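Note that the working numbering has the sequence shown beginning at -6, numbered continuously upward.
Glycine included, C-beta positions come from ideal geometry on N, C-alpha and C.
The structure presented is a predicted model; accordingly, all values stated were derived computationally and were not measured.
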Amino acid sequence: MSRLSASKPYAQADHLVLDGNPHAAPRHLPQGRRMGREPLLDLFKTYEADGVDQLIPNLRFDTRPAEHVMVELASYVLPHFPSPAADG
């Protein structure tokens, strides 16, 4: 995939089931994926390199409480992607 235009925002939305095993390999779901946080981090870094600047994970199919999934994402994934406001 070629790099997206830097002048326009680009968003990616997927269903996400965050596996309790942080190293669980990705498995395809209808319109999304099931995986551990480590492969998810790799995927998000690939999206970032391709110019995706907004991600919308839909937790609808996850059986874990959304609060637990959000805490895991906030603790282990989001720190790798500081917001522009945090850079300055």
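Can you tell me which of the three DSSP states residue i falls into?
i     : result
Val62 : helix
Once the 5 residues before and after residue i are set aside, which same chain residues still bring their CB inside 7 Å of it?
i     : result
Arg30 : Leu11, Pro15, Glu65, Tyr69, Val70
Leu52 : Leu9, Ala59, Val62
Who are the Cβ neighbours of residue i in its own chain at under 6 Å, not counting the five residues just before and after it?
i     : result
Pro19 : Arg26, Met28, Pro32
Please go through the same chain and pick out, in chain order, the residues whose beta-carbon is closer than 8 Å to the beta-carbon of residue i, but skip the five residues on each side of it.
i     : result
Glu41 : Phe74
Gln5  : Tyr40, Val45, Gln47, Leu48, Ile49
Using the C-alpha atoms, what's the distance from residue j back to residue i?
i     : j     : result
Pro2  : Gln47 : 7 Å
Phe37 : Thr56 : 22 Å
query = Enumerated in chain order, which unbroken segments of the alpha helix (DSSP H) with a length of 4 residues or greater are wholly contained in the segment 13 to 66?
reply = 30 to 42, all fully within the segment 13 to 66.
message = Quick check: the segment 56 to 69 against the segment 1 to 15, are at least 3 beta-carbon pairs closer than 8 Å?
response = Touching, yes.
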